[in-house]
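Let me begin by presenting the structure, written as structure tokens, before commenting on it.
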Amino acid sequence: MELKDKTILITGSTDGVGRVVAQRLGAAGARV
3 MELKDKTILI
13 TGSTDGVGRV
23 VAQRLGAAGA
33 RV
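Going by my numbering, the first residue of the sequence shown is number 3, and it counts up by one from there.
Written as structure tokens, this is what we have:
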């Protein structure tokens, strides 16, 4: 999946699963 230069909105990303998802998407090149 190509995530570079994609913008992703994640709610509930301050703790738990949401935080990990946000970190991994950011590492993959997405704007979170």
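Heads up, the beta-carbon is just placed ideally off N, CA and C, and yes, glycines get one too. None of the values given here were measured: they were computed from a predicted structure.
*Proximity of K8 and G28 at Cβ, strictly below 9 Å*: Position 6 of the sequence shown, counting from 1, holds the residue named residue 8. Position 26 of the sequence shown, counting from 1, holds the residue named residue 28. No, they are not a contact pair.
_Alpha carbon of R33 to alpha carbon of V22, nearest angstrom_ = Here residue 33 refers to the residue found at position 31 of the sequence shown. Here residue 22 refers to the residue found at position 20 of the sequence shown. If you take the alpha carbons of R33 and V22, they lie about 14 Å apart.
_With DSSP as the reference, identify every bridge partner of T9, one or two as the case may be._
The residue labelled residue 9 in the question sits at position 7 within the sequence shown. According to DSSP, T9 bridges with R33.
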